[in-house]
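Trainee: Sequential numbering from 1 applies to the sequence shown in the UniProt record's numbering.
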Amino acid sequence: MTHQEAAPEPTGTAAAVAEPPLLDVRDLRVEFRTRDGVAKAVNGVSYHVARGQTLAVLGESGSGKSVTAQAVMGILDSPPGFLTGGEIVFQGRDLLTLRREERRRIRGAKMAMIFQDALSSLNPVLSVGAQLGEMFQVHEGVSRKEARARAVELMERVKIPAARERVGDYPHQFSGGMRQRIMIAMALALGPDLIIADEPTTALDVTVQAQVMDLLAELQRELTMGLILITHDLGVVADVADTIAVMYAGRIVETAPVHQLYKAPAHPYTRGLLDSIPRLDQKGRQLYAIKGMPPNLTAVPPGCPFHPRCPLVRDVCRTDPPPLYEVGPGRTSACHFWKETLDGAR
Ligand SMILES: Nc1ncnc2c1ncn2[C@@H]1O[C@H](COP(=O)(O)OP(=O)(O)OP(=O)(O)O)[C@@H](O)[C@H]1O
Ligand code: SF4
Ligand SMILES: [Mg+2]
C-alpha cells in the first residue's frame with residue numbers, strides 16, 4: 001500500500017530511546033482453555049518500561065491488561081490460564097527461564113503489584129501496622145519493635161495522617177483512599193524497582209482518585225522506579241504517564257509517547273477512546289461512543305479484530321490482520337490506514 005511508504009515524522013524523545021528497559025515484554029502469549037473454547041487473552045503483546053518511566057496500559061474491559069500483568073508478575077491463574085509464548089526480560093534476565101524459587105524472590109523484593117480492591121487484598125483481622133511490619137520481619141529478619149517503627153515510616157511516606165497513632169488500626173477503620181495508600185505502602189516496603197498498579201484508583205471517588213494518583217506518581221519519580229499503570233480511563237493517565245500502550249482484544253494496537261497520542265492518535269480505536277472522554281477545552285462538544293462491544297476472545301473477528309466497530313473499515317481490514325507498523329520513533333500502530341488516521345487527527 002503506497003500510503004504507508006512516506007517517511008515517518010520524527011516523533012519520540014531521545015531520553016525515551018536512550019534508557020535501557022527495566023522490563024521488556026516480548027511477544028507474550030497467554031490463553032485460557034475453558035469449556036467454551038480457547039480464549040487468546042494475550043496475543044503477542046510487547047511493551048517495555050524503563051527506570052523512572054511510567055507506562056500506562058489502556059483498553060476496555062476484557063482486553064487483556066490484567067492478564068498481561070499477572071503473567072509478568074508470575075501470578076497467572078493456571079489452569080485455566082497458560083503462558084504459551086514470549087519473553088519477560090526484567091533487568092536483563094528472562095523471568096520465564098528462572099527457577100520458581102528465584103522468581104518468587106524477585107516478585108517479593110524487586111517487583112510489586114497494587115490492586116484495585118484494597119479491602120480484599122488486606123487481611124481484615126490484622127492491624128495495618130502488623131501487616132506492613134510483617135514484610136520487614138519475614139524478608140529482613142528485623143525485630144517486632146523495629147518492624148513497627150518501619151511500618152510507621154512507610155505510613156508517613158504515603159502521607160497517612162497521624163501514622164503513629166493509627167498504626168494499630170485495622171483496614172476497615174480506614175477510608176477507601178487511605179486503604180489504597182496502605183496498599184501502596186505494602187508495595188513500596190521492600191524497595192521494588194518496578195510497580196504494576198492495576199486500576200489502583202477505580203474504586204475511589206474522583207477527588208480521592210486524583211490524590212492517590214498524584215502520590216503514586218510522586219513516589220515513582222522520587223524513587224526512580226518503573227511504573228506500569230493499568231487503566232480503562234484515558235483521562236486519569238494524561239498527567240502521569242510517559243508512554244501509553246493501547247490494548248484491544250489481547251493485542252497492543254497503538255504505542256506512543258503520551259502527548260503525541262493525545263494530540264494525534266494513529267489508530268481509530270485510540271481515536272474513539274479519546275473522543276469519548278469529556279475535555280475541559282472542548283466544553284459543549286457531543287461525546288462520542290465507540291459502537292458495538294469488544295469481541296469475545298474465543299471468537300475474535302478475522303482480519304483486523306477492530307473491524308466490526310471501526311468507522312474507517314475497508315475490505316482489506318476484514319481479511320488481512322494489520323501488523324504493528326512503526327509509525328515514528330517510539331510509536332507503533334496496528335492499523336492498515338494509520339497514516340490517514342494520523343493525518344486526520346492533526
Ligand atoms: N480466570 C479466567 N478464566 C477464563 N478466562 C479468563 C480468566 N481471566 C481472564 N480471562 C480471559 O482473559 C480476558 C482478558 O482478561 P483481563 O482480566 O486481562 O481483562 P482486563 O483488560 O484487565 O479487563 P478489566 O478492565 O475488566 O479489568 C478476558 O476477557 C477473558 O476472556
Ligand atoms: S485496520 Fe481497518 S478496521 Fe482495523 S483499525 Fe485500521 S481502518 Fe479500522
Ligand atoms: Mg483488569
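Where is the CB? At the ideal position from N, CA and C, for every residue including glycine.
Everything numeric in this text was worked out from a predicted model, so none of it was measured.
Could you give the distance in angstroms between the alpha-carbon of residue 432 and the alpha-carbon of residue 319?
Mentor: Any answer about residue 432 is impossible in this case: the structure gives the chain only from 1 up to 346.
Trainee: Measuring from the CB of residue 199, is there a heavy atom of ligand 3 at a distance below 7 Å?
Mentor: Walking along the sequence shown from the start, residue 199 turns up at place 199. Because some heavy atom of ligand 3 lies under 7 Å away, the Cβ of residue 199 counts as near it: yes.
Trainee: What does the alpha-carbon distance come out to for the pair residue 324 and residue 179?
Mentor: Numbered from its first residue, the sequence shown carries residue 324 at position 324. Numbered from its first residue, the sequence shown carries residue 179 at position 179. Going by the C-alpha atoms only, they are around 40 Å apart.
Trainee: In or out: residue 27 buried (at least 16 other Cβ within 10 Å) or exposed?
Mentor: The residue you call residue 27 lines up with position 27 of the sequence shown. So residue 27 ends up on the exposed side.
Trainee: To the nearest angstrom, how far is it from the Cα of residue 10 to the Cα of residue 121?
Mentor: In the sequence shown, the residue the question calls residue 10 occupies position 10. In the sequence shown, the residue the question calls residue 121 occupies position 121. Unreliable positioning characterises residue 10 in this predicted model, as indicated by a pLDDT of 39, which lies under 50. A coordinate reading is not provided.
Trainee: How would you call residue 53, buried or exposed, if buried means at least 16 neighbouring beta carbons within 10 angstroms?
Mentor: Looking up residue 53 in the sequence shown gives position 53. With 16 or more Cβ atoms within 10 Å of its Cβ, residue 53 is classed as buried.
Trainee: Who are the Cβ neighbours of residue 288 in its own chain at under 6 Å, not counting the five residues just before and after it?
Mentor: Start at 1 with the first residue of the sequence shown, and residue 288 comes out as number 288. Excluding positions up to five away in sequence, the list reads 275 and 276.
Trainee: Using 8 Å for Cβ pairs, my map puts residue 25 next to residue 88. What's the rounded Cβ distance?
Mentor: Counted from its first residue, the sequence shown places residue 25 at position 25. Counted from its first residue, the sequence shown places residue 88 at position 88. Right, the Cβ-Cβ distance comes to about 6 Å (below 8 Å), so this counts as a contact.
Trainee: Helix or strand or just coil, what does DSSP make of residue 88?
Mentor: The residue labelled residue 88 in the question sits at position 88 within the sequence shown. Three-state DSSP puts residue 88 in a strand.
Trainee: Take the Cβ of residue 344 as the centre, count every other Cβ of all protein chains shown within 10 Å, and call the residue buried at 16 or more, exposed below.
Mentor: Your numbering for residue 344 matches position 344 in the sequence shown. By the 10 Å Cβ count, residue 344 comes out exposed.
Trainee: Looking at C-alpha atoms only, which residue of 127, 203 and 191 is the closest neighbour of residue 170?
Mentor: Stepping through the sequence shown from its first residue, residue 170 is reached at position 170. Taking only the C-alpha atoms, the option nearest residue 170 is 127.
Trainee: Indicate the three-state DSSP secondary structure (helix, strand or coil) for residue 301 in the structure shown.
Mentor: To locate residue 301, count along the sequence shown from 1; it is residue 301. Coil at residue 301, not helix or strand.
Trainee: Under the three-state reduction of DSSP, which class applies to residue 75: helix, strand or coil?
Mentor: To locate residue 75, count along the sequence shown from 1; it is residue 75. The answer is coil: DSSP assigns residue 75 none of H, G, I, E or B.
Trainee: Is the beta carbon of residue 334 less than 8 Å from the beta carbon of residue 258?
Mentor: Here residue 334 refers to the residue found at position 334 of the sequence shown. Here residue 258 refers to the residue found at position 258 of the sequence shown. No, the pair does not count as a contact, with Cβ atoms beyond the cut-off.
Trainee: Say the cut is 7 Å; is the CB of residue 342 nearer than that to a heavy atom of ligand 2?
Mentor: Walking along the sequence shown from the start, residue 342 turns up at place 342. No, the Cβ of residue 342 stays beyond 7 Å of every heavy atom of ligand 2.
Trainee: Which residues end up in the neighbourhood of ligand 2 when you take C-beta atoms closer than 5 Å to any of its heavy atoms?
Mentor: My final list is 268, 304, 306, 307, 310, 312, 313, 317, 322, 335, 336 and 337.
Trainee: Quick one: what does DSSP say residue 27 is sitting in, helix, strand or coil?
Mentor: Locating residue 27 in the sequence shown gives position 27, where the first residue counts as 1. Correct three-state label for residue 27: strand.
Trainee: Based on the DSSP output, what are the partners of residue 198 in its beta bridges?
Mentor: Position 198 of the sequence shown, counted from the start, is the residue given in the question as residue 198. Answer is 230, bridged to residue 198.
Trainee: For residue 209, count neighbouring C-beta atoms within 10 Å of its own C-beta (all shown protein chains included) and say buried if the count is 16 or more, exposed if not.
Mentor: On the sequence shown, position 209 is the one that residue 209 refers to. Buried is the call here.
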